[in-house]
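S.K.: Can you read through this structure? Questions will come right after.
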Amino acid sequence: KAGVTQTPRYLIKTRGQQVTLSCSPISGHRSVSWYQQTPGQGLQFLFEYFSETQRNKGNFPGRFSGRQFSNSRSEMNVSTLELGDSALYLCASRGDFSGANVLTFGAGSRLTVL
Amino acid sequence: KNQVEQSPQSLIILEGKNCTLQCNYTVSPFSNLRWYKQDTGRGPVSLTIMTFSENTKSNGRYTATLDADTKQSSLHITASQLSDSASYICVVSRGGVTGTASKLTFGTGTRLQVTL
Numbered sequence: 003k004a005g006v007t008q009t010p011r012y013l014i015k016t017r018g019q020q021v022t023l024s025c026s027p028i029s030g031h032r033s034v035s036w037y038q039q040t041p042g043q044g045l046q047f048l049f050e051y052f053s054e055t056q057r058n059k060g061n062f063p064g065r066f067s068g069r070q071f072s073n074s075r076s077e078m079n080v081s082t083l084e085l086g087d088s089a090l091y092l093c094a095s096r097g098d099f100s101g102a103n104v105l106t107f108g109a110g111s112r113l114t115v116l
Numbered sequence: 606k607n608q609v610e611q612s613p614q615s616l617i618i619l620e621g622k623n624c625t626l627q628c629n630y631t632v633s634p635f636s637n638l639r640w641y642k643q644d645t646g647r648g649p650v651s652l653t654i655m656t657f658s659e660n661t662k663s664n665g666r667y668t669a670t671l672d673a674d675t676k677q678s679s680l681h682i683t684a685s686q687l688s689d690s691a692s693y694i695c696v697v698s699r700g701g702v703t704g705t706a707s708k709l710t711f712g713t714g715t716r717l718q719v720t721l
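Here it is as structure tokens:
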């Protein structure tokens, strides 16, 4: 069974640009959540999608957005990039929305903003 | 405020030695506690998950303990190997909250380096 796939793995952008990251969950998993990981803050919850609907959102500005498609694949977008957005962005999937299952993480997308 | 604190921040040990990582939390109400291992450049991988009623759970050379009264957990690594070099993240789940990911509180991790 293929794991959670995130693309691209690495990318470099400049301030003011926008970026789109993609996440393909484990086949059959319908819940996808996104996290920002920085050395000082650890993992911070961005948002969670289930059945193409955003179910929960963390405390991030509106520049951070996402969506989920009918095949459960998800994308997140960050507009008007700032230096502080440099981080590892992780996505995780699980089979349902009940909380009973463990999150399976992808390898992440490492974003560097110059 | 729901918080998870881990100690030490970083640790260097010799191969073959044992070590213990600590996790203190103030998350309430408590649902479960998970330990994840994150290799450099990779996503976290689940090691153990413990509910309120469980005191100890093992996964190979990894043994996690939970004291729900003092809100403390530890991860003990026995006979460490070079491949144990990674960050270990403690994650606590709140009960009574709709949705899965939003009720997780992550620690900032302990960075373990195992050397020869």
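Sequence order for the protein chains is P and Y. Just so we're aligned, residue 3 is where the first sequence starts under our numbering, counting upward by one. Just so we're aligned, residue 606 is where the second sequence starts under our numbering, counting upward by one. We put the beta carbon where it would ideally sit given N, CA and C, even for glycine. Please read all numbers here as calculations on a predicted model, not as lab measurements.
With P/Q46 and P/L92 assumed to form a contact (beta carbons below 8 Å), what rounded beta-carbon distance in angstroms separates them?
M.R.: Numbered from its first residue, the first sequence carries residue 46 of chain P at position 44. Numbered from its first residue, the first sequence carries residue 92 of chain P at position 90. With 8 Å as the limit, P/Q46 and P/L92 do not qualify as a contact, their Cβ atoms being about 10 Å apart.
S.K.: Buried or exposed for Y/Q622, please, with buried defined as at least 16 other CB atoms from any protein chain shown within 10 angstroms of its CB.
M.R.: What you label residue 622 of chain Y is simply residue 17 of the second sequence in a count that begins at 1. Reading off the sequence, residue 622 of chain Y comes out as Lys, not Gln. Result: exposed.
S.K.: Can Y/S692 and Y/Q627 be called in contact, C-beta distance under 8 Å?
M.R.: As a position in the second sequence, residue 692 of chain Y is number 87, starting the count at 1. As a position in the second sequence, residue 627 of chain Y is number 22, starting the count at 1. Against a cut-off of 8 Å, the Cβ pair of Y/Q627 and Y/S692 comes out as no contact.
S.K.: Using the C-alpha atoms, what's the distance from P/L116 back to P/K15?
M.R.: Here residue 15 of chain P refers to the residue found at position 13 when the first sequence is read from its first residue. Here residue 116 of chain P refers to the residue found at position 114 when the first sequence is read from its first residue. Straight-line Cα distance between these residues: approximately 6 Å.
S.K.: Does Y/P649 have its Cβ less than 8 Å from a Cβ in chain P?
M.R.: Numbered from 1 along the second sequence, position 44 holds the residue referred to as residue 649 of chain Y. Chain P, which has a Cβ nearer than 8 Å to the Cβ of Y/P649, makes this yes.
S.K.: Taking Cβ to Cβ, would you say P/L90 is nearer than 8 Å to P/R17?
M.R.: For the purposes of this step, residue 90 of chain P is taken as residue 88 along the first sequence, with counting starting at 1. For the purposes of this step, residue 17 of chain P is taken as residue 15 along the first sequence, with counting starting at 1. No; because the gap between Cβ atoms is not below 8 Å, this pair is not in contact.
S.K.: Do P/S111 and P/L23 have their CB atoms nearer than 8 Å?
M.R.: Residue mapping note: residue 111 of chain P aligns to position 109 of the first sequence, counting from 1. Residue mapping note: residue 23 of chain P aligns to position 21 of the first sequence, counting from 1. Going by C-beta atoms, P/S111 is nearer than 8 Å to P/L23.
S.K.: With DSSP as the reference, label P/L85 as helix, strand or coil.
M.R.: Numbered from its first residue, the first sequence carries residue 85 of chain P at position 83. Three-state DSSP puts P/L85 in a helix.
S.K.: In this structure, does DSSP put Y/Q676 in helix, strand or coil?
M.R.: Here residue 676 of chain Y refers to the residue found at position 71 of the second sequence. The sequence shown places Lys at residue 676 of chain Y, not Gln. Coil at Y/K676, not helix or strand.
S.K.: Would you tell me roughly how many angstroms separate the C-alpha atoms of Y/T656 and Y/S636, rounded to the nearest one?
M.R.: The residue given as residue 656 of chain Y occupies position 51 in the second sequence. The residue given as residue 636 of chain Y occupies position 31 in the second sequence. Cα to Cα, Y/T656 sits roughly 6 Å from Y/S636.
S.K.: Any idea what DSSP makes of P/L105, helix, strand or coil?
M.R.: As a first step, residue 105 of chain P must be located in the first sequence, where it is residue number 103. The answer is coil: DSSP assigns P/L105 none of H, G, I, E or B.
S.K.: If you draw a straight line from the alpha carbon of P/F52 to that of P/S74, how long is it in whole angstroms?
M.R.: Sequence index remark: in the first sequence, residue 52 of chain P carries index 50 (1-based). Sequence index remark: in the first sequence, residue 74 of chain P carries index 72 (1-based). Answer to the nearest angstrom: the Cα atoms are 8 Å apart.
S.K.: Using the beta-carbon count (16 or more within 10 Å), is P/G68 buried or exposed?
M.R.: To locate residue 68 of chain P, count along the first sequence from 1; it is residue 66. Counting Cβ neighbours within 10 Å, P/G68 comes out buried, since at least 16 surround it.
S.K.: Could you give the first and the last residue of the continuous beta strand (DSSP E) run that contains P/T16?
M.R.: Translated into the one-based positions of the first sequence, residue 16 of chain P becomes position 14. Segment: none, P/T16 is in no beta strand (DSSP E) and carries neither H nor E.
S.K.: Taking C-alpha atoms, which residue in Y/L709, Y/Y630, Y/V632 and Y/T715 lies nearest to Y/H681?
M.R.: Stepping through the second sequence from its first residue, residue 681 of chain Y is reached at position 76. The candidate whose alpha carbon is nearest that of Y/H681 is Y/T715.
S.K.: How close, in whole Å, do the beta carbons of P/Q8 and P/G108 come, if the pair is a contact with beta carbons under 8 Å?
M.R.: Position 6 of the first sequence, counted from the first residue, corresponds to residue 8 of chain P. Position 106 of the first sequence, counted from the first residue, corresponds to residue 108 of chain P. Yes, P/Q8 and P/G108 are in contact; Cβ-Cβ is about 4 Å, under 8 Å.
S.K.: Apply the 10 Å Cβ neighbour rule to Y/Y641 and answer buried if 16 or more other Cβ atoms are within range, or exposed otherwise.
M.R.: Taking the first residue of the second sequence as 1, we reach residue 641 of chain Y at position 36. Looking at its Cβ environment, which holds 16 or more other Cβ atoms inside 10 Å, Y/Y641 is buried.
S.K.: When you compare the CB positions of P/V80 and P/V6, do they come within less than 8 Å of one another, or not?
M.R.: Walking along the first sequence from the start, residue 80 of chain P turns up at place 78. Walking along the first sequence from the start, residue 6 of chain P turns up at place 4. Going by C-beta atoms, P/V80 is not nearer than 8 Å to P/V6.
S.K.: Strictly below 8 Å CB to CB, what residues from chain A border Y/R639?
M.R.: Among the protein chains in the structure shown, which are P and Y, there is no chain A.
S.K.: Using a C-beta cutoff of 8 Å, does Y/F635 count as contacting chain P?
M.R.: Mapped onto the second sequence, residue 635 of chain Y falls at position 30. It does not; no Cβ of chain P falls within 8 Å.
S.K.: Any beta-carbon of chain Y closer than 8 Å to the one on P/G68?
M.R.: Stepping through the first sequence from its first residue, residue 68 of chain P is reached at position 66. It does not; no Cβ of chain Y falls within 8 Å.
S.K.: Using the Cα positions of P/R65 and Y/L616, report the straight-line distance between them to the nearest angstrom.
M.R.: Taking the first residue of the first sequence as position 1, residue 65 of chain P is located at position 63. Taking the first residue of the second sequence as position 1, residue 616 of chain Y is located at position 11. Cα to Cα, P/R65 sits roughly 37 Å from Y/L616.
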